[in-house]
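Undergrad: Input: one structure, supplied below.
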Amino acid sequence: MLQVKRAVIVFVSFSLLCGLVYPLGITAIAQILFPYQSRGSLLISGNQCIGSELIGQMFTSPKYFHGRPSATDPAYNAGGSAGSNLGPSSAQLLEQVKERIAEMRRENGLSPATPVPADMVLASASGLDPHISMRSAMLQVRRVAGERGLPEAEVELLLRHYVETPLLRMWGQERVNVLRLNMALDTRGNNHTIN
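With my numbering applied, the sequence shown covers 610 to 804.
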């Protein structure tokens, strides 16, 4: 009977410690030290939450920079984060990539010889990546500038302002958060709003 009593005390103690005290303590520390990140890195415009800078959004309007494709259904569904699981030999993936390349070239007035970056035609492993490469963004500058009636140089300058450098300036590549960039465009030119 003594063994059962000890087992119950240890079970209840560790359940409270690991299931209540520790999570609440870590949450409190995170709220104090990293308030923006611990609340989901939410981007606010006025009194409206536009989204999280950590999760991509689907932009189809020509006045916005477009992000990379999403493998989730519906697109950028954070509740169903997943890759497509289509391998490099998949005929379905090959057809999707061909369609995306053609669409990227058509939307942006690119010649058939212009290489299209992989991040504009392939979904990330999570299907939620909010970033595109600098090259992918530069290919869209002319379209966005034309749609907004802004000089290309002004859109490019804004784009360069939102470039994120590689981790410790060593790992990864320069990238652009599409949602942050599109919000800046809305603030800067023509006062269009993200829908």
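Even glycine gets a Cβ: it sits at the ideal position worked out from N, Cα and C.
It should be emphasised that the depicted structure is a prediction, and the values quoted were computed from it without experimental measurement.
Closest to residue 757 by CA distance: which of 672, 786, 650 and 620 is it?
TA: 672
Undergrad: What's the call for residue 749, buried or exposed, on a 16-neighbour Cβ count within 10 Å?
TA: buried
Undergrad: For residue 774, count neighbouring C-beta atoms within 10 Å of its own C-beta (all shown protein chains included) and say buried if the count is 16 or more, exposed if not.
TA: exposed
Undergrad: Let's test the definition: count the other Cβ atoms within 10 Å of the Cβ of residue 779 and tell me whether it reaches 16, buried, or not, exposed.
TA: With a 10 Å radius around the Cβ and a threshold of 16 neighbouring Cβ atoms, residue 779 comes out exposed.
Undergrad: Am I right that residue 666 and residue 685 are in contact with their C-beta atoms under 8 Å? What's the rounded C-beta distance?
TA: 6 Å
Undergrad: So, are the CB atoms of residue 794 and residue 674 less than 9 Å apart?
TA: Against a cut-off of 9 Å, the Cβ pair of residue 674 and residue 794 comes out as a contact.
Undergrad: When you compare only the Cα positions, how much space is there between residue 796 and residue 788?
TA: 12 Å
Undergrad: So residue 726 and residue 744 are in contact, right, with Cβ under 8 Å, and what is the actual spacing, rounded?
TA: 5 Å
Undergrad: Kindly indicate which three-state DSSP category residue 794 falls into: helix, strand or coil?
TA: The three-state reading of DSSP puts residue 794 in helix, counting H, G and I together.
Undergrad: Could you check which residue in 781, 622 and 741 has the C-alpha nearest to that of residue 677?
TA: 741
Undergrad: Measure the C-alpha to C-alpha separation of residue 762 and residue 772 and round it to an integer number of angstroms.
TA: 15 Å
Undergrad: Alpha carbon to alpha carbon, how far is residue 792 from residue 655? Give it in angstroms, no decimals.
TA: Roughly 12 Å between the two C-alpha positions.
Undergrad: Classify residue 738: buried if its beta carbon has 16 or more other beta carbons within 10 angstroms, exposed otherwise.
TA: buried
Undergrad: Assuming residue 618 is part of the alpha helix (DSSP H), what are its boundary residues?
TA: 611-625
Undergrad: Starting from the N-terminal side, write out each stretch of the alpha helix (DSSP H) that is 4 residues or longer and does not extend beyond the stretch 692-722.
TA: 700-717
Undergrad: If I follow the unbroken beta strand (DSSP E) through residue 745, where does it start and stop?
TA: Note, residue 745: premise wrong, no beta strand (DSSP E); alpha helix (DSSP H) at 743-747.
Undergrad: Go through the stretch 619-692 residue by residue and report every complete run of the alpha helix (DSSP H) that reaches 4 residues or more, in order.
TA: Annotation note: the stretch 619-692 contains the following uninterrupted alpha helix (DSSP H) runs of length 4 or greater, listed N- to C-terminal: 631-642 and 644-647.
Undergrad: Count the other C-beta atoms from every protein chain shown that fall within 10 angstroms of the C-beta of residue 628, then say buried if there are 16 or more, exposed otherwise.
TA: exposed
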